[in-house]
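Visitor: Structure provided below as structure tokens; questions to follow.
Residue numbers (the numbering used here): -19 to 175.
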């Protein structure tokens, strides 16, 4: 097997949470009488750290209202957690998600946006490779956003795009992944053939 380290994005790759996250961004914007981003605009920021995502999705959000926006976003998100059985990208959120989905045994290590530089910065991948003593040529990043694929490129790691998540296939292909898969079944087949 060529890849000794498979790094999976969570939201949109392992768990189908993209629509919920985007809806919560839109609801919070509406409640604060801000311009409401389209679903596509809100989905496009998935994978970024929360504050970077808010600046991109709701650019008119004033710095002094960020805490209020985050509180409203989280309120909506918590109300929908049971629908998804998963949560956001903080360590606390990932731990709850791993418990709820019973997927913890399948992950030897993880990194979250509140522990290191958020995507697309390559720090997460570099730290995981260092911790697990795996060189870049033996690692594969699997994700559903251009942020995931840009992080992989910056870390000089191969990437595989899943097109069933947050970003459209055309944008993912533009990032130059080793391949694109449209389902979990295709992901398994790709890994069996290329991994």
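Backbone N, C-alpha and C define an ideal beta-carbon position, used for all residues, glycine too.
1) Assign residue 63 to one of two classes, buried (16 or more other C-beta atoms within 10 Å of its C-beta) or exposed (fewer than that).
2) So residue 57 and residue 34 are supposed to be a Cβ contact under 8 Å. How far apart are they, rounded?
3) Suppose the cutoff is 7 Å on Cβ atoms and the five residues either side in sequence are ignored; what does the same chain contact list for residue 92 look like?
4) So residue 111 packs on residue 89, CB below 8 Å; how close in whole Å?
5) Considering only their Cβ atoms, is the gap separating residue 140 from residue 158 smaller than 8 Å?
6) Can you give, in chain order, each stretch of the alpha helix (DSSP H) that sits fully within the region 47 to 114 and has at least 4 residues?
7) Given this structure, state the Cα-to-Cα distance separating residue 143 from residue -9, to the nearest angstrom.
8) Suppose contacts are defined by Cβ-Cβ distances below 8 Å. Is residue 9 in contact with residue -13 by that definition?
Guide: On the basis of the data shown:
1) Here residue 63 refers to the residue found at position 83 when the chain shown is read from its first residue. The predicted model places residue 63 with a pLDDT of 45, which falls under 50 and marks its position as unreliable; any figure quoted below should be read in that light. With fewer than 16 Cβ atoms within 10 Å of its Cβ, residue 63 is classed as exposed.
2) For the purposes of this step, residue 57 is taken as the residue at position 77 of the chain shown. For the purposes of this step, residue 34 is taken as the residue at position 54 of the chain shown. That pair is no contact at about 13 Å.
3) Counting from one through the chain shown, the residue named residue 92 turns up at place 112. Same-chain partners within the cutoff: 69, 70, 71, 74.
4) The residue you call residue 111 lines up with position 131 of the chain shown. The residue you call residue 89 lines up with position 109 of the chain shown. Yes, residue 111 and residue 89 are in contact; Cβ-Cβ is about 5 Å, under 8 Å.
5) Position 178 of the chain shown, counted from the start, is the residue given in the question as residue 158. Position 160 of the chain shown, counted from the start, is the residue given in the question as residue 140. Yes, they are a contact pair.
6) 71 to 81, 103 to 112
7) Along the chain shown, read from residue 1 onward, the residue named residue 143 stands at position 163. Along the chain shown, read from residue 1 onward, the residue named residue -9 stands at position 11. Going by the C-alpha atoms only, they are around 13 Å apart.
8) If you number the chain shown from 1, residue 9 lands on position 29. If you number the chain shown from 1, residue -13 lands on position 7. No, these two residues do not count as a Cβ contact at 8 Å.
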